[in-house]
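Just below is one structure, and these are the notes that go with it.
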Amino acid sequence: MHVPDGFLDGPTSVGTAAIAAVGIGVALWRSRGSLDDRSAPMAGMAAVFVFAAQMLNFPVGAGTSGHLLGGALAAVLVGPWTATLCITVVLVVQALLFADGGITALGTNVTLMAVVGVWAGWAVFRAVLLLLPRRTGSVPVAAAIAAFVSVPVAALAFVGLYAVGGQAAIPLDALATAMLSWHALIGIGEAVITFLVVASITAARPDLVVGAAGRRPADLTRATPKVAA
């Protein structure tokens, strides 16, 4: 998913950089004061986990690669505004220190993964939660569905950008087929990982998970049969 330098033309890269700048600015403003002694460690953990997951790239053909995004996971754990900042920091470090994604394409990568990936995941997560019981056990399920959907959505956004301003010697249909088919499979892996991570944290400390706010644990006393004296 990391777009390299020269893959998109100048106007498209400038446009996505502007979108990324606006997204980061709004995220900074909306998340001000929300990071405290309890939420800051969770944000750091989310950023580290996403960083490690994104470093594992899988070639998918047509000059592109795929990897886990982590946007939906971060959004569920720390909220979409802080998640946007977490993913942005990860992408900046990867571009500057590991040459993973181009410098001139940094705005594009932030737009695709820190904006589209995070907010597509958060929107699906909130929509699915409306259909599930108001308990913490519903959170991992909704998070997994959100993670699965967010990956091909981000890939589709990239295909759209390439259709507008792509300048690599790769046919659009070949790029679209490679990106969408492989990222649908990657979405399955991301859904499984997201479910396991969110389930483990909500089981131990649901109060630390933003997506679990307002949810109650399962009432085990109702499920436990009474033993006659």
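So the sequence shown is residues 1 to 229, counted in our numbering. Glycine included, each C-beta is placed from N, C-alpha and C at the ideal position. The structure displayed is predicted, hence computed values, not measured ones.
Open item on the list: Which of the three DSSP states is assigned to Leu8 in this structure?
Closed with: Here Leu8 sits in strand by DSSP.
Task: Beta-carbon contacts of Phe148 that lie in its chain and below 7 Å, excluding the five residues immediately before and after - done: Residues of the same chain with a CB within less than 7 Å of the CB of Phe148, apart from the 5 flanking positions on each side, are Gly187, Ile188, Glu190 and Ala191 in chain order.
Open item on the list: Rounded to the nearest angstrom, what separates Met55 and Gly102 at their Cα positions?
Closed with: Taking the straight line from one Cα to the other gives about 15 Å.
- [ ] Give me the Cα-Cα distance between Trp122 and Pro80, rounded to the nearest whole angstrom.
- [x] Trp122 and Pro80 have their alpha carbons spaced roughly 7 Å apart.
Open item on the list: Assuming contact is defined by CB atoms lying nearer than 8 Å, are Val210 and Leu73 in contact in what I supplied?
Closed with: Contact: no.
Task: Three-state secondary structure (DSSP) of Gly166 - done: In the structure shown, Gly166 adopts extended strand secondary structure according to DSSP, grouped into three states.
Task: Those runs of the beta strand (DSSP E) which lie wholly inside the segment 39-121 and span at least 3 residues - done: Restricting attention to beta strand (DSSP E) runs no shorter than 3 residues, the segment 39-121 encloses them at 58-61 and 64-66, ordered along the chain.
Open item on the list: In the DSSP assignment, the alpha helix (DSSP H) including Val197 goes from what residue to what residue?
Closed with: Counting along the chain, the alpha helix (DSSP H) containing Val197 begins and ends at Leu172 to Ala204.
TODO: Specify the secondary structure class of Arg32 as computed by DSSP and reduced to three states.
DONE: In the structure shown, Arg32 sits in coil (DSSP, three-state: anything other than H, G, I, E or B).
Open item on the list: Give me, in chain order, the residues of the same chain whose beta-carbon lies closer than 8 Å to that of Ala144; leave out the 5 immediate sequence neighbours on both sides.
Closed with: These residues qualify, in order along the chain: Ala191, Val192, Thr194, Phe195 and Val198.
TODO: Answer with buried or exposed for Pro140, where buried requires no fewer than 16 other C-beta atoms within 10 angstroms of its C-beta.
DONE: When all chains shown are included, Pro140 counts as buried.
Task: Residues near Ser39 in its chain [Cβ-Cβ closer than 7 Å; skip 5 each side] - done: So the qualifying residues of the chain are Val78.
Task: Pair within 8 Å by beta-carbon distance, Leu172 and Thr108 - done: Using a Cβ distance threshold of 8 Å, Leu172 and Thr108 do not count as a contacting pair.
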